[in-house]
Amino acid sequence: MATRTADALRSVVSWTMLAWSCAGWGAEGFEPRYNLAGSLGGEMFAPPNQTGIISALAATYVSVSKVTGDDGGQLTQSLPGGTVALPKPTPSALYPSYSRGTVEIPASGTMTRWDLVLGYITSEQYGGGRLAFAVDVPFARKSQSISTSGATPVLNWSPAVPADVQSAVQGQFSSQYQGALKAQGASESGDVSGLGDVELIAGWHYVGDKLRVLGSAALVVPTGKYSADAGPDIGNGNFYTVRPAIQVAYLPTSNLAFAAKVSAGLNSRNRDNDVRSGNWFGVELAAGYKTPIGVVGVHGIRIQQYQDDENNPLGASRLRSNNLGAFFTTMIPLVDVALTVQYMATTSSRNAKHGNFTQVRLIRMF
């Protein structure tokens with residue numbers, strides 16, 4: 155009985171890991187490989203004809219208050235019912251049974267992530283735009299706390315079993331059941347730091363007076379610190395993600411800009427556990443106004459899986475996450491660096507991490 159209960163709980167709790175990326179939250183640790191702090195900012199106003207080497211450094215702080223379930227509330231999971239074997243020579247007909255139970259899985263945590271991005275924009279034009287190439291190397295430190303709680307199922311007995319035996323077995327069953335809950339939460343809690351999943355990016359960039367277009371594709375490589383065993387991870391898992399995207403910005407005046415970005419996440423199968431996270435799409439919108447001291451604006455992100463997870467112990471587990479925030483971008487003239495500070499908060503979610511994201515990034519052209 156204890157082994158069966160522990161195994162069932164292990165399959166539940168092991169999927170509440172607070173992995174970054176960013177990145178689906180679900181089979182990918184309830185988080186897609188996407189920058190949920192937002193990627194549209196004051197860079198919408200970047201001047202035309204920028205070419206050469208580009209470097210960026212981003213620091214992101216993530217605070218997760220909970221992991222949500224399919225109803226948008228705190229994550230829960232049903233555990234199967236079963237029977238409790240009694241010592242021999244008790245016949246199996248007298249073994250007590252217990253019904254299916256439900257456990258709550260409160261989860262919270264923080265993560266600090268640093269991304270170093272190096273890229274190059276060609277001076278030559280192709281179809282009116284320039285080619286762009288970049289590599290994003292992340293490093294992160296994460297702390298997570300996961301617990302499980304639920305009432306111990308009541309054993310159903312045959313009247314032929316003496317009351318004192320029923321009481322003793324129920325007490326032992328309750329102790330083992332609650333011990334398994336506590337142990338599984340403890341095994342998934344802790345601190346970890348290390349390299350994240352590297353991204354290789356290529357795109358085509360057009361910059362006009364009023365219209366800016368960026369078409370790109372990213373390959374996310376499983377280089378991050380990750381283990382299929384219990385415990386927190388930095389990487390999302392031993393699988394690849396191809397992420398095509400199209401981004402369009404329109405400047406009706408020199409001081410006003412609107413932007414939209416549509417992305418998709420196409421996932422391979424995790425080679426460690428045969429789980430495949432369902433593919434997802436994302437929409438990001440932003441509006442910015444250029445003031446004498448910099449660009450202020452608002453932005454929002456919606457990420458949603460359009461495919462079920464495969465072989466996920468939690469079931470289909472389709473992720474959905476809506477987020478709103480604001481940003482400010484300014485130039486630091488002495489070093490010719492663009493500084494962006496932005497904040498994003500989750501407004502609603504399903505099968506996803508629910509929290510807030512703060513990011514500071516520096517971009518410089520050479």
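Going by this note's numbering, the final residue of the sequence shown carries number 520, and the count climbs one at a time with no gaps.
Backbone N, C-alpha and C fix where the C-beta goes; we use that ideal spot for every residue, glycine too.
Everything numeric in this text was worked out from a predicted model, so none of it was measured.
Do residue 335 and residue 252 count as a contact pair if the criterion is CB distance below 7 Å? no
May I ask you to verify whether the stretch 321-331 touches the stretch 270-287, counting CB pairs closer than 8 Å and requiring at least 3? Taking a contact to require three or more Cβ pairs closer than 8 Å, the stretch 321-331 and the stretch 270-287 do not qualify as touching.
Taking the alpha-carbon of residue 276 as reference, which of 269, 358 and 377 has the nearest alpha-carbon? 358
First through last residue of the alpha helix (DSSP H) which encompasses residue 331: 317-342
So residue 290 is in the beta strand (DSSP E); what residue range does that whole segment cover? 283-300
Residue range of the beta strand (DSSP E) that includes residue 400: It spans 395-407 - the beta strand (DSSP E) in which residue 400 sits, taken as one unbroken run.
In the structure shown, what three-state DSSP assignment does residue 197 receive? helix
Three-state secondary structure (DSSP) at residue 381? coil
Residue 240 by DSSP, collapsed to three states: which one? coil
Shorter than 7 Å from the beta carbon of residue 195 to some beta carbon of chain B? Of the chains in the structure shown, none is chain B; there is only one protein chain.
To the nearest whole angstrom, what separates the beta carbons of residue 378 and residue 351, a pair I think is in contact under 8 Å? 4 Å
Buried/exposed call for residue 207, threshold 16 Cβ in 10 Å: exposed
Helix, strand or coil: how does DSSP classify residue 347 here? strand
Helix, strand or coil at residue 511 according to DSSP, with G and I counted as helix: strand
If we call anything under 7 Å between Cβ atoms a contact, is residue 198 one with residue 442? yes
I'd like the span of the beta strand (DSSP E) that includes residue 477, first residue to last. 474-486
Going straight from the alpha carbon of residue 458 to that of residue 398, what length do you get? 15 Å
Compute the Euclidean distance between the alpha carbons of residue 301 and residue 343, then round it to the nearest angstrom. Distance between the alpha carbons of residue 301 and residue 343: 8 Å.
Could you compute how far the alpha carbon of residue 353 sits from the alpha carbon of residue 196? Taking the straight line joining both Cα atoms gives about 23 Å.
Below 8 Å on the Cβ atoms is my guess for residue 213 versus residue 514; work out the distance and round it to an integer in Å. Right, their Cβ atoms sit about 5 Å apart.
For residue 516, three-class secondary structure by DSSP: strand
According to DSSP, residues forming a beta bridge with residue 269: 212 and 292
Mark residue 364 as exposed unless 16 or more other C-beta atoms lie within 10 angstroms of its C-beta, in which case mark it buried. exposed
Looking at the structure shown, is residue 468 part of a helix, part of a strand, or coil, going by DSSP? coil
Simplified DSSP assignment, three categories, for residue 177: With a pLDDT of only 32 at residue 177, under the threshold of 50, the placement of this residue in the model should not be trusted, and no figure is reported.
If we ignore side chains and look at the alpha-carbon of each, how far apart do residue 400 and residue 189 end up? 15 Å
Taking the straight line between their C-alpha atoms, what separation do you get for residue 415 and residue 193? 9 Å
From what residue to what residue does the beta strand (DSSP E) around residue 492 run? 491-504
Excluding sequence positions up to five away, which residues of its chain have a Cβ less than 6 Å from the Cβ of residue 237? 249 and 251
Can you pull the DSSP bridge partners for residue 411? 442
Could you tell me which residues DSSP pairs with residue 353 in its beta bridges? 290 and 374
Three-state class that DSSP yields for residue 246 in the structure shown: helix
Other residues of its chain near residue 510: CB distance less than 6 Å, five sequence neighbours each side excluded: Excluding its 5 nearest sequence neighbours in each direction, residue 510 has C-beta neighbours in its own chain below 6 Å: 217 and 499, listed in chain order.
Taking 7 Å as the cut-off, decide whether the C-beta atoms of residue 393 and residue 418 are in contact. no
Option nearest residue 467 by Cα separation, candidates 448, 430, 479 and 476: 430
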